[in-house]
Amino acid sequence: MFKKSNKNTPVTTIVEPHDQHLPVRSGSQEKSIEHPKDSMIEVTSSLPPMDRGKDAWLFLAAAFTVEVLTVGFSFSYGRFQEHYSTTPPFSGSDNIAVIGVLNQGLILISMLPIVQLARRKPHWARWMATAGLLGCVVSNIASSFCTSITQLIGTQGILLGISGSVAFCPLLIFADQWFDKRKGLAFGIIGSGSGFGGLLLPLLINALLTRVGFQTTMRILAGMIFGLGMPLAYFVRPRLPPAATDTKKPFWNWRLLRSQSFLLHQIANLVQGAGYYLPGIYLPTFTRHVFGASDWLSTLSLMLLNLSTMIGLVIMGYMTDRLNSRKCIAISAVGATLSVFLFWGLAVHVAVLFVFCILFGLFGGGFPAAWPAVMRETAEKAEARGLGHVDTMLIFSLFCVSRGIGNIVSGPLSEALVDQMPWEGDAIGAYGSGYGGLVVFCGISSLNYVTFMCYAYEWPMTD
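Under the numbering used here, the first residue of the sequence shown carries the number 7, and numbering increases by one thereafter.
Now the structure itself:
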């Protein structure tokens, strides 16, 4: 509704509280925003533009850096796992892989309650990146005093994972405000921070562990997160004032569970998540055990995987802004599956393994950048069916939960798959290396998305 104005008075628009599908756009006129508590308050501000401008790109650069310092560390855990497996007092311990999968899994699973809190308390969301980074600093310092794998599970696994999720959450909520037509690209660039961190951090971690040891390494990493992250966290801020955020609309909509397309994506996310993170955890150990590679080559395998993941996320985000999301997902799934079965499974030389690292990162690593398009399509279909308003961040959070559960399940499952080195000497390439079960499971979990999407095309869907 509009207030009357004369020719000399700027038009003042009363808008409903912020809706994810109808963001308040910038303009030269003054805007008055309805307060969520049914009282009209005048907020005279010129909102910065979406998809362009200094503020949007500053946010994107800051969000990318925070992603590097949080999720990027979880993508570098393979280098820590190699160190723990070969260095006292951790060598010979069970459940070393559990640290990495807990870290990565909790970053995803914790998204649901944290996003809900941010929706209810938009003033708090502004400072979540800062709080999460401080938690990462504390967890790294605490890890430096650990002398057992059980203690590291608590600090580097649980505490670091939850802290990373707190820092990660506002990146996605605010990106939804800053970007509209370039949303897929923005999510891809933010997500590529994990690959960029996974590219550089293994080099840094390897050099530090070699020169100064574990305890000093963890304290240096804590200082780096504080020194780089704290100044940039200031720019992880919302485009809209908290008064423009609708806290009255329910975050939960259980009728979403009646959406068949949503359920298909959920199941596929869970299975794909159970296999996707295994190469990043086991590649350095696999490279050393199977090919007798040096520390440098073992670290290089992880770097190549994360570099290609970074590129894959940006490409996939660009594609989903222009193409049907299912086509993009199918390309990702088929490419990842073939790379596992052909280049990892049949690897007889470290060079072939490096080809796998590049292809798997490009295809499998780019998959989450398709989520914004899937979220939008799922919400639109659900509302068209009369299921009510669906918050796209609820869909995103549930996608994260299913992927995180799959990731956590993969920890003990992967330990069982490599226990007793099955098929060792009985098959060619990596299939006969003792890691064959791991390779096959990773390939099958990548293939499942193709299966579910083919089923979706044939299923007479009503949503």
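Where a beta carbon is used, it is the ideal one built from N, C-alpha and C, also for glycine.
If you draw a straight line from the Cα of residue 408 to the Cα of residue 107, it comes to about 14 Å.
Per the Cβ contact rule, the stretch 294-301 is not in contact with the stretch 155-171 (fewer than 3 Cβ pairs under 8 Å). The DSSP-derived three-state label of residue 101 is coil.
The beta carbon of residue 209 sits closer than 8 Å to those of 305, 309, all from its chain and outside the five residues before and after it, given in chain order. Here residue 317 is buried, its C-beta having at least 16 other C-beta atoms within 10 Å. For residue 118, the enclosing alpha helix (DSSP H) begins and ends at 117-126.
Taking a contact to require three or more Cβ pairs closer than 8 Å, the stretch 190-197 and the stretch 146-162 do not qualify as touching.
Taking the C-beta atoms as reference points, residue 445 is found nearer than 8 Å to residue 346. With a cutoff of 8 Å on beta-carbon distance, residue 281 and residue 200 are scored as not near each other.
Nearest Cα to residue 266 within the set 105, 113, 393, 359: 393. The count of Cβ pairs closer than 8 Å, one atom from the stretch 339-353 and one from the stretch 430-448, reaches three, so the stretches are in contact.
Nearest Cα to residue 62 within the set 74, 188, 90: 188.
Boundaries of the alpha helix (DSSP H) around residue 378: 377-390. Residue 257 carries a coil assignment under DSSP once its states are collapsed to helix, strand and coil. Membership of residue 271 in the alpha helix (DSSP H) is indicated by the continuous run 266-282.
Residue burial is scored here from C-beta neighbours: residue 376 has at least 16 other C-beta atoms within 10 angstroms and is therefore classed as buried. The beta carbon of residue 430 sits closer than 7 Å to the beta carbons of 438, 439, 440 from its chain, once the five residues preceding and following it are set aside; these are given in chain order.
By the criterion of a C-beta distance shorter than 6 Å, residue 403 is surrounded in its chain by 117, 118, 121, once the five residues flanking it on both sides are discounted.
Within a 10 Å sphere around the beta-carbon of residue 223 sit 16 or more other beta-carbons, which makes this residue buried. Apart from sequence neighbours up to five positions away, the residues of its chain that approach residue 89 with a beta-carbon distance below 6 Å are 215, ordered along the chain. DSSP places residue 141 inside the alpha helix (DSSP H), whose first and last residues are 134-149. Judged by their CB atoms, residue 131 and residue 179 are nearer to each other than the 8 Å cut-off. Counting only the Cα atoms, residue 284 lies some 31 Å from residue 238.
A Cβ-Cβ distance of about 6 Å is found for the pair residue 112 and residue 171, placing them in contact under the 8 Å criterion. For the options 218, 190, 147, 213, the alpha carbon positioned closest to that of residue 378 is the one of 190. Only residues of its own chain outside the window of five on either side were considered, and among them 83, 84, 87, 103, 106, 107, 420 have a CB closer than 8 Å to the CB of residue 287, listed in chain order.
Annotation for residue 171: the continuous alpha helix (DSSP H) segment containing it runs 166-184.
The criterion of a C-beta distance shorter than 8 Å is not satisfied by residue 75 and residue 198. Distance from the CA atom of residue 272 to the CA atom of residue 405, rounded to whole angstroms, is 6 Å. Under a 10 Å Cβ-count criterion, residue 443 is classified as buried, with 16 or more other Cβ atoms of the shown protein chains found around its own Cβ. By the neighbour-count definition (other C-beta atoms within 10 Å, threshold 16), residue 330 is an exposed residue.
Residue 292 holds the alpha-carbon nearest to the alpha-carbon of residue 356 among 248, 261, 292. DSSP places residue 152 in the coil class of the three-state scheme, outside both helix and strand.
Counting along the chain, residue 303 sits inside the alpha helix (DSSP H) bounded by residues 301-326.
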